[in-house]
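Shown next, in structure tokens, is the structure this report addresses.
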Amino acid sequence: MRTRFLASLALASVPATAFAQFTEAQDFSVERYHPALDREGILNLEWGGLPEHLNWDLGLWIGYADEPLVIERATGGSTDRVGRLVQNRLGASITGAISLWSYLQLGLEIPIVLNQGRDNTIEGVGGTLPALSSAGLTGIVFTPKLGLLKQEGQAIDLAVAAHITFPTVSSGAYFGSREVEVAPALLLSRTFGGLRLGLNFGTAIRSDTEIASLDVGSDIGGGVGAAYRFDANGGIPLEIGATYNLAFDAADPLKYENQTYSELIGGVGYDVMDTANVYLGTAAGLNKGYGTPDFRVFAGFRFFQRDKDRDGDGIVDRLDGCPDDPEDKDEFEDSDGCPDPDNDKDGVLDTQDQCRNDPEDRDGFEDEEGCPDPDNDKDGILDENDRCRNVPGPASNQGCPLDMDPDKDGILGENDQCPNDPEDKDQFKDEDGCPDPDNDQDGVLDPDDQCPLRPGPKENRGCPDADRDGDGVVDRIDNCPDLPGESGFQGCKKRQLVKISVDRIEILEKVYFDYNSAKIQKRSFELLDNVAAVIVAHPEIRKVRVEGHTDSKGTDVYNKKLSQSRSDSVRKYLIGKGVAADRLEALGYGEERPVATNDTEAGRQENRRVEFRILNETTDSGVRIINTPPQ
């Protein structure tokens, strides 16, 4: 077993009466482990960053330390352990912390010794050691922490803290000093995704105490630590961490082994809920300094309140106007938590906007770069006063060149209301000098409008809808365009199984076939007769593709062959009902294009279908006739 020095006493040469003069000063603490005050800390390592305003932590830990203070005898070049001044200690503490204004945190630790014991004698020395107080309250630690830097803007979290320990009535029995102790420290930390790194460095200022050959006084020390959170990458809310801790005498740094504390601590924590965490750990002493146990084990839990930041933009959800969309941090309204892809709302995204906070003036001149151009032609006359804003000219001519027809449309001077945009010369308001891209204002531009002077819907290529049978149902959605009927029957006199809409035609029943066959069942004849009648009545439908589909039962090859056979059967039937063969084609897709899941019978039934797609003269995407159940 590893041993350590408390004092190098040559006990073999000391008379038995010498122990009577041995004074055992007990007014210092042998407890080196203090849990971090907040959830962000790594085991006993304080974090350099601070939680948001009014976020708080409340925790409790309990731990066992084995032989944190022993006495050894030096004999020649070797040492022997001859007594244990503190053989074992069961300790605990209650911790709490609260953040104020995001740059100040106040923390409190109330340590308690639950039980401790020791040897009654020291080997080779007469007399009996007095018993230790087995339990009591140790020094209360108050810790103010001041944040200096934040990782979001300065790459690291940096803070300074001061651990101020106040003595209690239980001082003595190695519980703690009888005087106030102050331990200022510098705290650094940084997060890399799930990986968290921390460093603490400082000094503890305390009165000197001497026991045998051990001088206990002010020391210098700190710790380094690392932890990894699995939930940062979508895993469980588990964290593993470790710290290495070192402290040595400030007056004689690293000179005496019994004054040098060194311990490696490891642990694991788990968030049992969004506001609670449990943890446990163990440690091993690496040196012989006082307060370094052979080993220790500990466990604890912590309750905490944290403002969430779901989008990770540094603005907590309760202050974030867009808690699921991160702020773009471009120095424009960054405090509201909402991204502003177009700061000046000029329609040019900031990534392409050369003047992202000054809106483009949208005057048809260099509008794509996002910068306003108050004087397009740079003639010294602002566009608002310039009759020829894109062509330079003198002020005497209102910014127009002496050439009075800058757009070369043959309309001169004041007669041209659009001097920079040539008239389109289409015999519609040609005298005003302005182009008219949509003469009849029906939303269909003249090049695509077959009736440019008469408004009509785009579905009828800009022409007014015709109704040659005068029944109030326009021809393009009239199943019977030459026979007056009722609107409820799609322009026919009797109920229809086919309905034509703007972009599709629906058949209100399915096409049924014999099982595993391309033979059409008689109950579908009436439906297909209706489809044939609609196609015949609408010669503007140049071609219809009959498309067959199956579910996923059976092989791909079989399903494709079956769907092709069924499509061919329907095409043949429609030809027999008067539809010209060159207006029909058939194509089987098999199971390639499901419209529902094939994992249920209902879904497979939907996938077994025949569709009729209209192929017009400009595209083969067409309009679908879809099998739907009757309404």
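Its first residue numbered 1426, the sequence shown is counted upward by one per residue in the working numbering. Glycine included, C-beta positions come from ideal geometry on N, C-alpha and C.
Residue Ser1760 holds the alpha-carbon nearest to the alpha-carbon of Asp1742 among Ser1760, Pro1819 and Phe1726. Here Gly1521 has Leu1483 and Leu1533 as same chain residues with Cβ atoms under 6 Å from its own Cβ, once five neighbours each way along the sequence are excluded. The alpha-carbon of Glu1752 is positioned some 38 Å away from that of Gly1868. Fully contained in the stretch 1715 to 1753 are the following beta strand (DSSP E) runs of length 3 or more, in chain order: 1720 to 1730.
For Ile1966, the secondary structure class from DSSP, reduced to helix, strand or coil, is coil.
Residues Ala1587, Ile1589 and Ile1630 of the same chain have their beta carbon placed closer than 7 Å to that of Val1607, with the five preceding and five following residues left out of the count. Only residues of its own chain outside the window of five on either side were considered, and among them Leu1485 and Ile1535 have a CB closer than 6 Å to the CB of Ile1519, listed in chain order. Close CB contacts of Val1956 within its chain, under the 6 Å cut and outside five residues either way in sequence, are with Val1923 (chain order).
In summary, Asp2007 is exposed, with fewer than 16 beta-carbon neighbours lying within 10 Å of its beta-carbon over all protein chains present.
The way I'd put it, the stretch 1689 to 1697 does touch the stretch 1653 to 1667; three or more beta-carbon pairs between them come closer than 8 Å. Gly1789 counts as exposed, since fewer than 16 other beta carbons sit within 10 angstroms of its beta carbon. Asp1993 carries a helical assignment under DSSP once its states are collapsed to helix, strand and coil.
Secondary structure at Asn1469: coil, using DSSP grouped into helix, strand and coil.
In this structure, the beta-carbon distance from Val1649 to Gly1623 falls below 9 Å. DSSP places Pro1872 within a helical segment (H, G or I) once states are collapsed to three. Residues of the same chain with a CB within less than 6 Å of the CB of Ala1610, apart from the 5 flanking positions on each side, are Ala1586, Asn1625 and Gly1627 in chain order.
Between the stretch 1945 to 1953 and the stretch 2019 to 2030, the count of Cβ pairs shorter than 8 Å is below three; the stretches do not touch. A distance below 9 Å separates the beta carbons of Ile1565 and Phe1591. Contact between the stretch 1451 to 1458 and the stretch 1711 to 1723 is present: three or more C-beta pairs spanning the two stretches fall below 8 Å.
Arg1879 has its alpha-carbon roughly 11 Å from the corresponding atom of Asp1871. Going by DSSP, Arg2029 is part of no beta strand (DSSP E) but of the alpha helix (DSSP H) stretching over Glu2026 to Asn2032. Leu2040 is positioned such that its CB atom lies closer than 9 Å to that of Arg1970. Sequence-distant Cβ neighbours of Pro2019 in its own chain, meaning closer than 6 Å and more than five residues away, are Asn2032.
Contact between Pro1862 and Pro1847 does not hold, since their C-beta atoms are separated by about 12 Å, which reaches or exceeds 8 Å. Comparing alpha carbon positions, the residue from Asp1745, Glu1791, Pro1748 and Gly1795 closest to Asn1768 is Gly1795. The Cβ neighbour count for Phe1938, taken over all protein chains shown within 10 Å, is at least 16; the residue is labelled buried. In the three-state DSSP reduction, Tyr1686 falls in the strand class (E or B).
A straight-line Cα-Cα distance of about 39 Å links Gly1858 and Glu1965.
In the DSSP assignment, the residues bridged to Ile1523 are Trp1481 and Leu1531. Residue burial is scored here from C-beta neighbours: Gln1777 has fewer than 16 other C-beta atoms within 10 angstroms and is therefore classed as exposed. Beta-bridge annotation (DSSP): Leu1539 is not paired with any residue. Excluding five sequence positions before and after Asp1841, the CB atoms of its chain that fall closer than 6 Å to its own CB belong to Gly1858, given in chain order. Note on geometry: alpha-carbon atoms of Ile1932 and Leu1952 lie some 8 Å from one another.
Short of 8 Å from the beta carbon of Ser1994, and not among the five residues preceding or following it, lie these beta carbons of its own chain, in chain order: Phe1938, Ala1943, Lys1944 and Ile1945. Comparing alpha carbon positions, the residue from Leu1639, Thr1568, Tyr1653 and Pro1569 closest to Gln1684 is Leu1639. Annotation: the continuous alpha helix (DSSP H) that includes Gly1578 extends over Gln1576 to Gln1579.
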